[in-house]
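Structure first, then comments.
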Ligand code: GLU
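In the numbering used here, the protein residues as written are 346 to 625.
Okay, structure coming up:
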């Protein structure tokens, strides 16, 4: 058996659709081709949006497509303590800060930023003092933990500029600034996609990550987290996204394209998988 380990990591916030099936077929297909393994991971940190019937449907739909994975399946909701520990580590190093701003306030800050920062938040102009922060906490104001790219840059020194990863076989310079000071934990959830996903890719010894190009921007932040945490850096493969006849991406809200609906309409797994033949 080779040491190729990849994963398919859906969130049970809706039924899987053809886009998910395409991603899964690449991940499971590559694992088989390389004599490795594809793990299934349930990314269910958001208890507000995730639902047990959707998780059950993930198992059923993937089985129906013919995919198999080793047990036990990692369910992120059972490992919140691990993510808290990682956040604590980042806090101890001074690499995250509390952000009390509402979404609207963050957008206003972005609009006011000097060099046309686009839609990216690069942190407050002046950090909150300890006293101001304490009084906000005491008054019960909610906050999120954001990664401070400024602090990361200082922490890593010249290594920050030299961060690279392999994407689709090509060496790629990581540019975390393109995403800015992302949220790493919310007060209610205690973690975020970026933190939990990167943590688990390391914990599960993932060697190769196969996912859609919609997540390429996230990889730049994941690469930075790997450097800070001393985690290994997997190879990345970001595949093109499947679109419907109108060129629109499949989304969880398109009920007609869910695997359930297709199955009920008499579609076969063979036909669905065959339709991904040209996908890279
Ligand atoms: N859970 C993420 C999603 O459903 C995918 C995470 C990943 O593949 O990195 O979009």
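Yeah, the Cβ is synthetic: ideal placement off N, Cα and C, and Gly gets one too.
- Annotation for residue 357 indicates a beta carbon at 6 angstroms or more from all heavy atoms of the ligand GLU.
- Residue nearest to residue 593 within the set 355, 364, 348 and 347 is 364 (criterion: CA-CA distance).
- Runs of the alpha helix (DSSP H) lying entirely within the stretch 350 to 380, each at least 4 residues long, are 363 to 378 in chain order.
- Non-local beta-carbon contacts of residue 435 in its own chain, meaning distances under 6 angstroms to residues more than five positions away in sequence, involve 441 in chain order.
- Residue 415 has its alpha-carbon roughly 20 angstroms from the corresponding atom of residue 399.
- For residue 440, no alpha helix (DSSP H) segment is defined, and its DSSP state is neither H nor E.
- With respect to the C-alpha of residue 516, the residue from 617, 498, 507 and 539 having the closest C-alpha is 507.
- Counting C-beta pairs closer than 8 angstroms gives fewer than three between the stretch 534 to 549 and the stretch 496 to 505, which falls short of the contact rule.
- For residue 488, the CB contacts under 7 angstroms within the same chain, skipping 5 residues up- and downstream, are 443, 444, 445 and 532 in chain order.
- For residue 489, the Cβ stays outside the 6 angstroms cut-off from all heavy atoms of the ligand GLU.
- By the neighbour-count criterion, in which a residue is buried when 16 or more other Cβ atoms sit within 10 angstroms of its Cβ, residue 530 is buried.
- Nearest in C-alpha terms to residue 553, of all of 382, 359, 370 and 366, is 382.
- As DSSP reads the structure, residue 419 sits in a beta bridge with 386.
- Taking 6 angstroms as the cut-off, the C-beta of residue 605 does not count as close to any heavy atom of the ligand GLU.
- Exclusion of residue 372 from the 6 angstroms shell around the ligand GLU follows from its C-beta lying no nearer than that to any non-hydrogen atom of the ligand.
- With a threshold of 6 angstroms, the Cβ atom of residue 400 does not count as near the ligand GLU, since no heavy atom of the ligand is closer than that.
- Pairing residue 367 with residue 587 gives a Cβ-Cβ distance under 7 angstroms.
- Relative to the ligand GLU, even the nearest heavy atom lies 6 angstroms or more away from the CB of residue 458.
- In the displayed model, residue 564 falls within a helix according to three-state DSSP.
- Within the stretch 492 to 543, the complete beta strand (DSSP E) segments of 3 residues or longer fall at 509 to 512, 515 to 518 and 528 to 531, listed in chain order.
- Residue pairing by DSSP places residue 489 opposite 444 and 531 in a beta bridge.
- Relative to the ligand GLU, even the nearest heavy atom lies 6 angstroms or more away from the CB of residue 383.
- Rounded to whole angstroms, residue 486 and residue 534 show a C-alpha spacing of 15 angstroms.
- Sequence-distant Cβ neighbours of residue 391 in its own chain, meaning closer than 8 angstroms and more than five residues away, are 356, 358 and 534.
- Taking all protein chains in view, the Cβ of residue 431 is crowded by 16 or more other Cβ atoms within 10 Å, so the residue is classified as buried.
- Inclusion of residue 542 in the 6 angstroms shell around the ligand GLU follows from its C-beta lying nearer than that to a non-hydrogen atom of the ligand.
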